[in-house]
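*Asks:* The sequence shown finishes on residue 397 if you use UniProt numbering, and the numbering steps up by one all the way, no holes.
Sharing a structure here in structure tokens format.
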Amino acid sequence: MKKPLDLASLSEAEKDELILVLLQKNETLMAQCARIAKLEKKIEELESKLAKNSRNSSKPPSSDGYGKPKPKSQRKKTGRSSGGQPGHKGSTLKQVEHPDHVQEHPVSQCSHCHGDLSNQAAMGHEARQVFDLPEINVMVTEHRAHIKTCPHCDARVKAAFPTGVTQPVQYGNRVYATAAYLSQYQLLPYQRLQELFHDLFQINLSQGTLSNILSRGHQQLERFEDAAKTLLKGSGVVHFDESGIRLKKSLNWLHVASTPQLTCYHIDAKRGKVAMDVMAILPDYQGYAVHDHWASYYGYDCQHVLCNAHHLRELTFAQEQHQQRWAAELSKCLLDAKQEVDDAKAAGALSLAASRISYFDRRYSRLLRAGRDELPVLVGDKNKRRGKKKQHKVKNF
Numbered sequence: 001m002k003k004p005l006d007l008a009s010l011s012e013a014e015k016d017e018l019i020l021v022l023l024q025k026n027e028t029l030m031a032q033c034a035r036i037a038k039l040e041k042k043i044e045e046l047e048s049k050l051a052k053n054s055r056n057s058s059k060p061p062s063s064d065g066y067g068k069p070k071p072k073s074q075r076k077k078t079g080r081s082s083g084g085q086p087g088h089k090g091s092t093l094k095q096v097e098h099p100d101h102v103q104e105h106p107v108s109q110c111s112h113c114h115g116d117l118s119n120q121a122a123m124g125h126e127a128r129q130v131f132d133l134p135e136i137n138v139m140v141t142e143h144r145a146h147i148k149t150c151p152h153c154d155a156r157v158k159a160a161f162p163t164g165v166t167q168p169v170q171y172g173n174r175v176y177a178t179a180a181y182l183s184q185y186q187l188l189p190y191q192r193l194q195e196l197f198h199d200l201f202q203i204n205l206s207q208g209t210l211s212n213i214l215s216r217g218h219q220q221l222e223r224f225e226d227a228a229k230t231l232l233k234g235s236g237v238v239h240f241d242e243s244g245i246r247l248k249k250s251l252n253w254l255h256v257a258s259t260p261q262l263t264c265y266h267i268d269a270k271r272g273k274v275a276m277d278v279m280a281i282l283p284d285y286q287g288y289a290v291h292d293h294w295a296s297y298y299g300y301d302c303q304h305v306l307c308n309a310h311h312l313r314e315l316t317f318a319q320e321q322h323q324q325r326w327a328a329e330l331s332k333c334l335l336d337a338k339q340e341v342d343d344a345k346a347a348g349a350l351s352l353a354a355s356r357i358s359y360f361d362r363r364y365s366r367l368l369r370a371g372r373d374e375l376p377v378l379v380g381d382k383n384k385r386r387g388k389k390k391q392h393k394v395k396n397f
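Written as structure tokens, this is what we have:
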């Protein structure tokens, strides 16, 4: 066993040298501790990024990849089994008073004694109705514009064709409307849309024709789009969002403004204020804009409300990744408040009772205080003299 160093036997020079070595080692240790703390912080940030998905953050579902977690609904369990519920209004078929076609099925022989009933008058009937689609056939309408010679001036005069009939052979408005509906609402890609028209209608539409149909529909809906934007600008509450989409192999952004009755879309290469100005709703909007806290929204002079759907995902992340107990309770508080509002609306009320609003306000504030107390304290960087100390991401949220 090595004997302890006898400091009394050291010369002054040896003591000074030993002190210098200890100071150097202390500096090295402090630097290593600072580096370890920095690396631990970096590891936590990277783990947080890896743990984020579409269920606990604002990331789109397409970013989840093959390792996406099992979906967890924010809805509360009701305890009821799946399927139709007692008291629920069903949509069972009912017989109509005036069917389109009637097929008579006479009885000509007795099923008991085999006697002839051909000349026996029926005393009544039992009716069963079958609801089916009509036979699908393409209907071709030929328009003939008559040509006459005027007996007064000898001029050759031709009748006008109906509006929209411009070619010797063309498709009609029902074909245009059906193609636009299936493409833009039912989201059928061009190839499957071609197959559907061929299989059901024996119509062979080229992709160029489909593209022209959609362009024509876009032009004809311009007045409707302008009217929808006007109504959205006058709405008290409008929800805004922007989602990344691929367009011609490049990242674009689908901007949306919506109410329960209206939805307006705008696709743009930009995500921020430039695109929002082009969409031409927010620049003139004065009501409550519900959004995801994206900075560009705050450039508009309206009332701002943050989206609770995004809040719930962030609270899920705080609970699962940072083990914040208050986050689960705050999620429940928001969902309970929403349920009470929904119940009040269903009962015909215009708002919650003042006592219930006060209750949720107190509950919400208490949980925020609990969150501040539960959050870890971050030690600031001693080498950084200026600026605010960086806060924990959950605290910023």
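For every residue, glycine included, the Cβ atom is placed at its ideal position computed from N, Cα and C.
Under a Cβ-count criterion, where at least 16 other Cβ atoms within 10 Å of its own Cβ denotes burial, should M279 be classed as buried or exposed?
*Replies:* Answer is buried; the Cβ neighbour count reaches 16.
*Asks:* When you compare the segment 225-236 with the segment 204-213, are there three or more beta-carbon pairs, one atom per stretch, that lie closer than 8 Å?
*Replies:* They do not touch, by the three-pair rule.
*Asks:* Taking the continuous beta strand (DSSP E) assigned at R156, which residues delimit it?
*Replies:* Taken as a continuous stretch (DSSP letters only), the beta strand (DSSP E) holding R156 covers 156-158.
*Asks:* Within 10 angstroms of the Cβ of T149, are there 16 or more other Cβ atoms? Answer buried if so, exposed if not.
*Replies:* Counting Cβ neighbours within 10 Å, T149 comes out exposed, since fewer than 16 surround it.
*Asks:* Can you tell which of Y359, Y185, T316 has the C-alpha that lies nearest to the C-alpha of residue 410?
*Replies:* Because residue 410 is not part of the residues shown, which for the chain are 1 to 397, the question remains open.
*Asks:* Quick check: L312 and Y297, are their CB atoms within less than 9 Å of each other?
*Replies:* Not in contact: L312 and Y297 (Cβ atoms no closer than 9 Å).
*Asks:* Can you tell me which of the three DSSP states S250 falls into?
*Replies:* Residue state, collapsed to three classes: strand.
*Asks:* Give the secondary structure of G244 by DSSP, where H, G and I count as helix, E and B as strand, and everything else as coil.
*Replies:* Reduced to three states, the DSSP call for G244 is strand.
*Asks:* So within the segment 277-325, which uninterrupted beta strand (DSSP E) runs reach at least 3 residues, ignoring any that extend past its ends?
*Replies:* Runs of the beta strand (DSSP E) inside the segment 277-325: 288-291, 303-306.
*Asks:* So does the segment 351-366 actually touch the segment 335-342, counting three or more Cβ pairs closer than 8 Å?
*Replies:* The answer is yes - the segment 335-342 touches the segment 351-366, with three or more Cβ pairs under 8 Å.
*Asks:* Could you compute how far the alpha carbon of V238 sits from the alpha carbon of W253?
*Replies:* Rounded to the nearest angstrom, the two C-alpha atoms are 19 Å apart.
*Asks:* The alpha helix (DSSP H) spanning T141 covers which residue range?
*Replies:* Per DSSP, T141 belongs to no alpha helix (DSSP H) and is neither H nor E.
*Asks:* Should Q324 go down as buried or exposed, given a rule of 16 or more other Cβ atoms within 10 Å for buried?
*Replies:* By the 10 Å Cβ count, Q324 comes out buried.
*Asks:* Out of curiosity, what's the CA-to-CA distance linking L7 and K25?
*Replies:* Distance between the alpha carbons of L7 and K25 is about 19 Å.
*Asks:* Round the Cβ separation of H304 and A289 to the nearest angstrom and send it over; I've been treating them as touching at under 8 Å.
*Replies:* Indeed, because the Cβ distance is near 6 Å, the residues count as touching under 8 Å.
*Asks:* Compute the Euclidean distance between the alpha carbons of A354 and C333, then round it to the nearest angstrom.
*Replies:* Looking at the two C-alpha atoms, the distance is approximately 17 Å.
*Asks:* Taking only runs of the beta strand (DSSP E) that begin and end inside the segment 339-370, which ones reach a length of at least 3 residues, in chain order?
*Replies:* Correct list: empty.
*Asks:* Pick from D154, R144, A177, C153: whose alpha carbon is nearest that of P162?
*Replies:* Minimum Cα distance to P162 is reached at R144.
*Asks:* Return the first residue and the last residue of the beta strand (DSSP E) that Y185 is part of.
*Replies:* Taken as a continuous stretch (DSSP letters only), Y185 belongs to no beta strand (DSSP E), as it is neither H nor E.
*Asks:* Hey, would you say Q129 sits closer than 9 Å to L182, going by beta carbons?
*Replies:* Against a cut-off of 9 Å, the Cβ pair of L182 and Q129 comes out as no contact.
*Asks:* Going by other Cβ atoms of all chains shown within 10 Å of its Cβ, with 16 needed for buried, is H101 buried or exposed?
*Replies:* Per the 10 Å Cβ criterion, exposed.
*Asks:* Of the residues D116, L39, S351, M139, which one's Cα is nearest the Cα of Y171?
*Replies:* Among D116, L39, S351, M139, the Cα nearest to that of Y171 is on M139.
*Asks:* Please name the residue in I43, H125, A295, V107 whose C-alpha comes closest to that of S118.
*Replies:* It is V107 whose Cα lies nearest to the Cα of S118.
*Asks:* State the start and end residues of the unbroken beta strand (DSSP E) segment that holds H266.
*Replies:* Looking at the DSSP string, the run of the beta strand (DSSP E) that includes H266 is 263-268.
*Asks:* Determine which residues share a DSSP beta bridge with H239 and list them.
*Replies:* Looking at the DSSP assignment, H239 forms a beta bridge with S258, V290.
*Asks:* Would you identify the three-state DSSP class for Q167, choosing helix, strand or coil?
*Replies:* Note: Q167 maps to coil in three-state DSSP.
*Asks:* When DSSP labels each residue in this structure, what does Q109 get in the three-state scheme?
*Replies:* Reduced to three states, the DSSP call for Q109 is strand.
*Asks:* Taking only the alpha-carbon atoms, compute the straight-line gap between D226 and T178 and give it to the nearest angstrom.
*Replies:* Whole-angstrom Cα-Cα distance: 23 Å.
*Asks:* Could you check the C-alpha separation between E195 and C307 for me, to the nearest Å?
*Replies:* Cα to Cα, the separation comes out at about 41 Å.
*Asks:* Rank P189, K390, F201, G115 by C-alpha distance to the C-alpha of P134 and give the top, closest one.
*Replies:* Here the closest residue by C-alpha is F201.
*Asks:* Identify, in the order they occur along the chain, each residue of the same chain with its Cβ nearer than 8 Å to the Cβ of A180, setting aside the five sequence neighbours on each side.
*Replies:* Result list for A180: I213, L214, G217, in chain order.
*Asks:* To which residues of the same chain is A269 closer than 7 Å at the C-beta, ignoring the five residues directly before and after it?
*Replies:* Closer than 7 Å at Cβ, skipping near neighbours: N252.
*Asks:* Hey, A121 and Q95 are a contact pair by Cβ (cut 8 Å); roughly how many whole angstroms apart?
*Replies:* Contact doesn't hold; Cβ gap of about 24 Å is too wide.
*Asks:* Could you check what DSSP says for I203 in three-state terms: helix, strand or coil?
*Replies:* Note: I203 maps to coil in three-state DSSP.
*Asks:* Name the DSSP beta bridge partners of I147, please?
*Replies:* In the DSSP output, where bridge partners are listed per residue, I147 has K158.
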